[in-house]
Amino acid sequence: MFRKERYLLLLVLIFALVGCSSEKGEKVADDELGELAPSFTVLTATPEENYITYEAMKMISEEWKKLGVDVTVQPMDFHAKVDRLWAPDERDYDAFTIGYSGRVERLDPDMFTYTIFHSSLAGPGGSNTTGLVNEEYDKYSKDQRHEMDPEKRRDLVFKAQEILADEVPVVSLYSNTLVHAYNHERFNELPAMAGEGVFNEWMPTEAEPLTDDKWLKIGGIQDLDTLNPIAAKSVFDWRQLRQIYDKLVRLNPQIEPVPSAAANWEVVNDKTIDVFLRPNMTFHDGKPVTVEDVKFSYEFMDKWNDGYLQAFLEPIESIELLGGETIRFHLTEAYAPFITATLTQIPILPKHIWEKVEGNPLDFANLEPIGSGPFVFEYWRRGEELKVSRNPDYYNNINVDGYIYRVYGQPEAVLSALRTGEIDTHADRLISAHIQQAENIEHISTIEVADIGFEYLGLNLRRAPFDNEAFRQALALTIDYDTILDVYLEGYGTKGGPGLVIQPANEFWHNPAAHQPIFDPKKARDILREAGYNWDSEGKLRLPVN
Amino acid sequence: MVSFIVKRFIQSLITLLVVATLIFFMFRLMPGDMTAALIDPSIAKEARDQVIKQYGLDQSIWSQYLIFLQDLLKFDFGQSFYYKRSTLAVLSDKFLATIILMFSSMVVAYGFGVFGGALIAWKRGSFLDLFWTTFALIFRSAPTFWVGLLAIYVFSVTLGWLPHSGIRSPGYDAKHSFDLFFSVDFLRHLLLPTIVTGLFYLATPLLLMRNTMIDVLGEDYIEMARAKGLRERRILFHHAMRNALLPVVTAGALFIGSALGGQVMIEYVFSWPGLGQEMILAAQRHDYPLAQTAFLLMAGLIMMMNVFADIIYAFLDPRITYK
């Protein structure tokens, strides 16, 4: 008995030794290989801030370890991370995960092609965090800004997306699906909009009440911060203020610019745009809306707004009134987003009120906002609710008597309010834990719409090992986009991909040919091997010898 | 008496100064700075530098500290970075809502606690004693947010008796500002969070009262009162309870401070637009002036209540004299 076991042990030992030595024999000795691929740290989200990204990054790093890469994943407080990424003096990070929210002006491709990747913005503090420098790319991303013909501009944006998919300065991880609930016993299906969800700028005017109570009640977690449109800086301010203050142009749910306070517009040439004001409009205090008010608003905003809208006003050289209802904008250079991002965002202010504001208008509380938009301000109880009523003189039909926006402490309270009928719909998307619960409520239906914002992994191309294109491509191939979507997002989202910044939901600008969410670790190894990378006896990745 | 109050007042001022210093440096030790919360990351470096300069954040931390102290002496609490309004104005919006909830839950907790505690001490060992002690301890140990959620589920969602959140019904049309806080609608909203908070705080006065009462009941003068043939009720309320109240008063004074901070959870669950949420946001946004003011107000209030408790002592216990 004992002897038998001893033989067995010996045999196993021999086989093991033979196995080891034969493997060693086929490989090149470690010291002939290139240097070890440098280890790096990924700054990622804390689980409290974004559980999905946190989990996804853990999974991705396991794949990278299998590839022989030494990676550390470090969750970091959001503000501290933002501070590090956009630090004014240096670019001290290897890789990071962060997200861009799907604001409406980001439907225009300028932000995601030019602002975050052009080489001129790669210096410290600039918005090009990955440090992509590619001459060909610079050309496309700059030219699209100047191309006023949408079809031709789209070709340029498509080219830019192809380069991004190849260069892989970022790998987008996923994009959320926005799920919203509404009370179908009280309202017809509400219009949803990509990136904006249900509380888009059309919903309050287009909502159709089914009962005699024509007050629409909307719940949300975020209160607005200010009623002053010049000082407003967050999307939470704007989604209310744009109902009180009208704009020249609005983007319709199909993301096309349509006339609003402007009856029409005409592109005279690359640098000259004429806007014709809609006649017979009045502010909520009864005073008429004139071309003077429009000119004043744009100039006043340009003078005082110190952040959010500044970038969209910069290309305006001067504003000329041609008599009648015509306003002529002279631009310093051709700027394609002018109609889709500038005219759609600047609010029309009543000159007779704002020219009388003393001191810095940014400090003006504007507690009784007067605009010319579809809704008239009633009251705002900070942290509690905002009430606006229908503007009877508005040029478009409005079906509701007004809306009440109510602030809740957390998503759970919003769901309870939907359940008890205290609110009809809500501003922020449902968290995935609540989707099923909402669907089970008898008087509630849900609407799904894609987001144009996304969560992504950014690589600092200024540093090794990310300075090698093949390495970046290989990393993108080791990300399991399906698991992220199916498991972590429970199916409520869309897949990411290498260099994917313009999401599929943004149909007109998204280049489907450049979208490659492929998970193939074997191919990743092939790409690395072809580029001269190798693996040592411990399976660690070695840089190419040159 | 007067000299005692003056002395205590000066002591409080010194303590406040120390607290202010701690708060000042504590917020600046947090990672990241306010520009991250305030500025869109895609904005140019120059714009960001300008904002940093505008708020004086480019100066050394010591000169920032000196400016902070100077302003404090002038009762100037500064402007909120985020709201661009005076910090006191931002906080006063929320302060009233928090104070009302706090006092009403204090009335519930201390009202039931003091009398209940006296009663169960009187009948110690009985079923009543066991029941109330256990009852209070259960609510003391259960997290308030959980009890709050359960209460919402039962009384608001299932039974539909009381509103589940906020302080007024949507679109509540107040005739005047007095009506905003003193109306049936407001009271209906106040009821559920008050009960939940009150139940949480009930254990402290109840058990404190019970224990001191038991001590007091063993004293000679109670025996004496009995010997004099006084009625039980008179002994309980007039002789025993008054003497057992002392530690409860201290606990009550300290309660104000802890409730101000500890109510964050309740405000969160019931979407109560109070101070708690604002303090968290201020810290997250690195809105130093707002966070500092909020914490200073809290510290000030706690100290004031302590002085107040000291004075009350004298009325309750003639043996205590102020020197």
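These protein sequence lines are chains A and B, in that order. Positions 6 to 551 (our numbering) are the ones given, in order, by the first sequence. Positions 548 to 870 (our numbering) are the ones given, in order, by the second sequence. Idealized CB from N, CA, C, for every residue including glycine.
{"Asked": "Residues near Gly745/B in its chain [Cβ-Cβ closer than 6 Å; skip 5 each side]", "Found": "Ser652, Val655, Ala656"}
{"Asked": "Top-ranked residue by Cα proximity to Gly452/A, from Val175/A, Phe281/A, His335/A, His189/A", "Found": "Reading the sequence as shown, one finds Ile at residue 452/A and not Gly. For Ile452/A, the nearest C-alpha among the options comes from His189/A."}
{"Asked": "Residues in the region 804–830 of chain B having any Cβ partner in chain A nearer than 9 Å", "Found": "Glu814, Tyr815, Val816, Phe817, Ser818, Trp819, Pro820, Gly821, Gln824, Glu825"}
{"Asked": "Residue environment, Lys641/B, which counts as buried when at least 16 other CB atoms sit within 10 Å", "Found": "buried"}
{"Asked": "Test item: CB-CB of Ser177/A and Gly498/A under 8 Å", "Found": "no"}
{"Asked": "Closer than 8 Å to chain B by CB, Tyr493/A", "Found": "no"}
{"Asked": "Residue from Pro517/A, Glu427/A, Tyr538/A, Ile321/A whose Cα sits closest to the Cα of Thr218/A", "Found": "According to the sequence provided, residue 218/A is Asp. The question's Thr does not apply to it. Asp218/A has its Cα closest to that of Glu427/A, out of Pro517/A, Glu427/A, Tyr538/A, Ile321/A."}
{"Asked": "Own chain residues within Cβ distance below 7 Å of Thr46/A, not counting five before or after", "Found": "Thr77, Gln79, Asp99"}
{"Asked": "8 Å Cβ cutoff, Ile714/B in contact with chain A", "Found": "yes"}
{"Asked": "7 Å CB neighbourhood of Glu28/A in its chain, flanking five on each side removed", "Found": "Here the model assigns Glu28/A a pLDDT of 46, short of 50, so the residue's position is not dependable, and the following value carries that caveat. The answer is none, since no qualifying residue turns up."}
{"Asked": "Between the CA atoms of Val381/A and Tyr408/A - distance to the nearest angstrom", "Found": "10 Å"}
{"Asked": "8 Å Cβ cutoff, Val731/B in contact with chain A", "Found": "no"}
{"Asked": "Limits of the unbroken alpha helix (DSSP H) element including Arg757/B", "Found": "731–764"}
{"Asked": "Members of the region 349–381 of chain A that neighbour chain B once the beta carbon cut-off is set at 8 Å", "Found": "Leu367, Asp368, Ala370"}
{"Asked": "Any 3 or more C-beta pairs closer than 8 Å across the region 325–337 of chain A and the region 290–302 of chain A", "Found": "yes"}
{"Asked": "Chain B residues whose Cβ lies nearer than 8 Å to that of Gln415/A", "Found": "Tyr815, Val816, Ser818"}
{"Asked": "Same chain, Cβ closer than 6 Å to Gly73/A, five either side skipped, listed in chain order", "Found": "Trp540, Gly544, Lys545, Leu546"}
{"Asked": "The region 220–239 of chain A: positions lying closer than 8 Å to chain B by Cβ", "Found": "Trp220, Lys222, Asp230, Thr231, Ala236, Lys238"}
{"Asked": "Interface flag, Tyr835/B vs chain A, CB-CB below 8 Å", "Found": "no"}
{"Asked": "Simplified DSSP assignment, three categories, for His554/A", "Found": "What is shown of chain A runs 6 to 551, which leaves residue 554/A out entirely."}
{"Asked": "Reference Leu801/B; option with closest CA among Ala668/B, Leu560/B, Ile849/B, Val637/B", "Found": "Ile849/B"}
{"Asked": "Limits of the unbroken beta strand (DSSP E) element including Glu390/A", "Found": "390–395"}
{"Asked": "Completely contained beta strand (DSSP E) runs for the region 225–311 of chain A, where each covers 3 or more residues", "Found": "254–256, 262–264, 267–274, 277–282"}
{"Asked": "Alpha helix (DSSP H) runs wholly inside the region 61–106 of chain A, at least 4 long, in chain order", "Found": "83–90"}
{"Asked": "Proximal residues of chain A, C-beta to C-beta of Asp640/B below 8 Å", "Found": "Arg387, Gly388"}
{"Asked": "Ile332/A - partner residues in DSSP beta bridges", "Found": "Val280/A, Leu326/A"}
{"Asked": "Cβ-Cβ distance between Pro416/A and Ala455/A below 8 Å", "Found": "no"}
{"Asked": "Integer Cβ distance of Leu635/B from Ala567/B, believed to fall under 8 Å", "Found": "15 Å between Cβ atoms; not a contact."}
{"Asked": "Residues of its chain near Ser44/A, where Cβ-Cβ distance is below 6 Å and the 5 sequence neighbours each way are ignored", "Found": "Asp75"}
{"Asked": "8 Å Cβ cutoff, Met850/B in contact with chain A", "Found": "no"}
{"Asked": "Proximal residues of chain A, C-beta to C-beta of His711/B below 8 Å", "Found": "Ala418, Ser421, Ala422, Thr425, Glu427"}
{"Asked": "Sub-8 Å separation of Leu348/A and Leu253/A beta-carbons", "Found": "yes"}
{"Asked": "Residue from Ala519/A, Ile351/A, Pro293/A, Glu213/A whose Cα sits closest to the Cα of Ile403/A", "Found": "Glu213/A"}
{"Asked": "Three-way DSSP call (helix, strand, coil) for Lys631/B in this model", "Found": "coil"}
{"Asked": "Whole runs of the alpha helix (DSSP H) within the region 132–178 of chain A, excluding any shorter than 4 residues", "Found": "140–151, 155–172"}
{"Asked": "Interface positions of the region 671–705 of chain B facing chain A (Cβ-Cβ less than 9 Å), listed along the chain", "Found": "Leu696, Ile699, Tyr700, Ser703, Val704"}
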